[in-house]
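**Q** Handing you this structure, nothing more for now.
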Amino acid sequence: MEYLSPEEWSAVALSLRVSFWATLVSLPLGILVAMLLARGEFPGKQLLNGIVHLPLILPPVVTGYLLLATFGRRAPVGSFLHDAFGIVFAFRWTGAALAAGVMAFPLMVRAIRLAIEAVDPKLEQAAGTLGASRTMVFATVTLPLILPGIIAGSVLAFAKAMGEFGATITFVSNIPGETQTLPSAIYAFLQVPGGEASAARLVMVSVVVAMAALLLSEWVSRLVARRIRGA
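So the sequence shown is residues 1 to 231, counted in UniProt numbering.
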């Protein structure tokens with residue numbers, strides 16, 4: 001990192017910040033939606049599944065435009081949040097986190113859903129027959145068993161958020177120090193003469209961070225799985 005210029009370091013730090021909050025805020029909702037899709041039976045289940053996975057199919061620019069039309073300062077939700085709570089997403093780093101979270105959400109939900117579907121329902125039913133409530137069954141039986149899936153989904157979401165470009169630049173633009181994440185900074189450096197070296201350094205940082213996240217996820221997942229089997 002000592003070889004990065006202040007502008008490059010700002011993009012790296014902002015990307016880490018955006019990806020962290022995008023993953024953290026999405027995680028509780030991701031677990032809930034994954035549970036509904038894996039175990040729930042209700043009208044509109046397939047519609048919910050389609051909405052969750054829609055960002056994977058739509059062009060990222062379309063997703064960014066929809067976010068701008070919903071959470072912009074003059075948009076219905078955006079104006080309400082600004083007037084009632086002073087919360088602004090458009091052209092702010094919080095909007096970059098929202099866009100990254102939306103784009104990464106399907107990957108998180110899919111990984112957690114697969115982990116839930118791999119859990120034998122008989123184990124949960126056995127805990128229920130012993131008098132445990134649904135909340136207690138989830139906390140003591142389901143959650144430990146799906147923890148590797150949660151970790152994998154979180155890392156996938158973090159890595160996706162780090163690399164998100166289309167929706168982010170459409171929703172919050174490319175403002176240095178405010179919304180210029182790693183992909184946006186790489187794009188900006190490639191548009192100016194002599195910026196190839198800066199772009200190459202940021203590309204290397206992106207590769208290193210993504211690889212480190214994947215290796216950490218694999219190690220933690222295996223550690224958790226060993227402890228579960230040992231228990």
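We put the beta carbon where it would ideally sit given N, CA and C, even for glycine.
Taking the CB atoms as reference points, tell me whether V137 and A152 lie closer together than 9 Å.
**A** Within the sequence shown, numbered from 1, the residue matching residue 137 stands at position 137. Within the sequence shown, numbered from 1, the residue matching residue 152 stands at position 152. No. Outside cutoff.
**Q** Roughly how many angstroms lie between the CA atoms of M108 and V18, to the nearest whole one?
**A** Locating residue 108 in the sequence shown gives position 108, where the first residue counts as 1. Locating residue 18 in the sequence shown gives position 18, where the first residue counts as 1. Straight-line Cα distance between these residues: approximately 16 Å.
**Q** Over the uninterrupted alpha helix (DSSP H) stretch that includes V119, give me the two end residues.
**A** Translated into positions along the sequence shown, residue 119 becomes position 119. Note, V119: premise wrong, no alpha helix (DSSP H); not H, not E.
**Q** Looking at C-alpha atoms only, which residue of Q180, W219 and P193 is the closest neighbour of E7?
**A** For this step, residue 7 is matched to residue 7 along the sequence shown. Nearest C-alpha to E7: Q180.
**Q** Does DSSP put T179 in a helix, a strand or coil?
**A** For the purposes of this step, residue 179 is taken as residue 179 along the sequence shown, with counting starting at 1. In this structure, T179 counts as coil in the three-state DSSP scheme.
**Q** Please report the Cβ distance between A161 and G101, rounded to the nearest whole angstrom; I am assuming they are in contact, meaning their Cβ atoms lie under 8 Å.
**A** Along the sequence shown, read from residue 1 onward, the residue named residue 161 stands at position 161. Along the sequence shown, read from residue 1 onward, the residue named residue 101 stands at position 101. 7 Å between Cβ atoms; contact.
**Q** Going by beta carbon distance, what residues of the same chain come within less than 7 Å of S217, once the five residues before and after it are set aside?
**A** Locating residue 217 in the sequence shown gives position 217, where the first residue counts as 1. I151, A152 and V155, listed in sequence order.
**Q** Nearest-angstrom Cα distance between L27 and S206?
**A** In the sequence shown, counting from the first residue as 1, residue 27 sits at position 27. In the sequence shown, counting from the first residue as 1, residue 206 sits at position 206. If I take the Cα positions, the gap works out to 23 Å.
**Q** Using DSSP with H/G/I as helix, E/B as strand and the rest coil, what is E7?
**A** Residue mapping note: residue 7 aligns to position 7 of the sequence shown, counting from 1. Reduced to three states, the DSSP call for E7 is helix.
**Q** Write down the C-beta distance between L56 and P106 rounded to the nearest angstrom, noting that I regard them as a contact closer than 8 Å.
**A** Within the sequence shown, the letter at position 56 stands for residue 56. Within the sequence shown, the letter at position 106 stands for residue 106. So it is a contact: roughly 5 Å between Cβ atoms.
**Q** Hey, how far is the Cα of V220 from the Cα of V119?
**A** Taking the first residue of the sequence shown as position 1, residue 220 is located at position 220. Taking the first residue of the sequence shown as position 1, residue 119 is located at position 119. The straight-line gap from Cα to Cα measures roughly 19 Å.
**Q** Go to F158, then tell me how far its alpha helix (DSSP H) extends in each direction, as first and last residue.
**A** Position 158 of the sequence shown, counting from 1, holds the residue named residue 158. Where F158 is concerned, the enclosing alpha helix (DSSP H) stretches over L143 to G163.
**Q** Among L67, V52 and S198, which one has its Cα closest to the Cα of F91?
**A** Residue numbering aside, residue 91 sits at position 91 when the sequence shown is read from its first letter. Looking at the Cα atoms, L67 is the closest of the given residues.
**Q** Leaving out five residues on either side along the sequence, give the residues of the same chain with a beta carbon under 6 Å from the beta carbon of S10.
**A** For this step, residue 10 is matched to residue 10 along the sequence shown. So the qualifying residues of the chain are G177.
**Q** With DSSP run on the structure shown, which of helix, strand or coil describes P106?
**A** What you label residue 106 is simply residue 106 of the sequence shown in a count that begins at 1. Helix.
**Q** Less than 7 Å between C-beta atoms, sequence neighbours within five positions excluded: which residues of the same chain meet that for T213?
**A** Looking up residue 213 in the sequence shown gives position 213. Before going further, note that residue 213 is Ala rather than Thr in the sequence given. So the list reads V155, F158 and A159, once near-sequence residues are dropped.
**Q** Is it buried or exposed, residue 234, if we count other Cβ atoms within 10 angstroms and call 16 or more buried?
**A** Here the chain comprises residues numbered 1 to 231, so residue 234 is not present and cannot be evaluated.
**Q** If you count every other CB in all the chains shown that lies within 10 Å of the CB of I87, and 16 or more means buried, which is it?
**A** Indexing the sequence shown from 1 puts residue 87 at position 87. Exposed.
**Q** Along the chain, where does the alpha helix (DSSP H) containing Q46 start, and where does it finish?
**A** As a working mapping, residue 46 is identified with position 46 in the sequence shown. Q46 -> alpha helix (DSSP H) spans K45 to I57.
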